[in-house]
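Reading through the structure tokens given below for one structure.
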Amino acid sequence: MLFSQLLFVCHCNPTCKLGYPIDEIPVYKEDRYYVHFAQNLEFLEAEYFLWSSYGYGLDVMEPCLTKGGPPPIGGQKANLDPFTLNIIKEFANEEIGHLRAIDSIMGSITRPLLNLTSENFEKIFDEAFGYNLEPPFD
313 MLFSQLLFVC HCNPTCKLGY PIDEIPVYKE DRYYVHFAQN LEFLEAEYFL
363 WSSYGYGLDV MEPCLTKGGP PPIGGQKANL DPFTLNIIKE FANEEIGHLR
413 AIDSIMGSIT RPLLNLTSEN FEKIFDEAFG YNLEPPFD
């Protein structure tokens, strides 16, 4: 590689530009409900993975995406091995990207109050299996 090519690569803008203007992507009024429902799931996934891997959530990583919504209840850092930790961090960053995409295309909703306590997940898994797990899910 020539020095001039290397210099060009090093000074390129790392931000990807879209090939079309954002305002030309139609989001029909009847679709907004479904996108906002999906956005609630994205909030849950983002907070779950952020708290599990980093020990904090959107309020630290991307506070503008919360739109002033309340912080989740009971989030905590998981005890993960380094390999799994890196995977969960990738998931967390991917979910932030999903929230950014929704926000940039059609605007965002306020983050709902999320319950990330181990007791809540224990209850969900007990109901899913139809009996109380022993030891409880955590």
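Quick note, the sequence shown lines up with residues 313 to 450 if you use our numbering. All C-beta atoms, glycine included, are put in the ideal place defined by N, C-alpha and C. Remember, it's a predicted structure, so these values are computed and weren't measured experimentally.
Here the alpha carbons of Leu445 and Ile414 stand approximately 37 Å from one another. By the beta-carbon neighbour count (other beta carbons within 10 angstroms, threshold 16), Ser416 is exposed. Annotated three-state conformation of Asn391 is coil, per DSSP. When rounded, the separation of the alpha-carbon atoms in Leu426 and Gln351 is 13 Å. With contacts defined as CB atoms closer than 8 Å, Ile400 and Leu411 fail to qualify as a contacting pair.
Judged by DSSP in its simplified three-state form, Ile421 adopts coil rather than helix or strand.
In this model, Pro448 and Ala390 are separated by some 16 Å (Cα to Cα). DSSP places Asn352 in the uninterrupted alpha helix (DSSP H) bounded by Lys341 to Ser365. Glu354 counts as buried, since at least 16 other C-beta atoms from the protein chains shown sit within 10 angstroms of its C-beta.
Scanning Ser364, Gly380 and Asn405 for the CA closest to the CA of Pro424 turns up Gly380. When the alpha-carbon of Val339 is set against those of Gly419, Phe437, Glu439 and Ser430, the nearest one is in Gly419.
The closest CA to that of Phe403, considering only Met373, Tyr345, Glu357 and Phe349, is found on Glu357.
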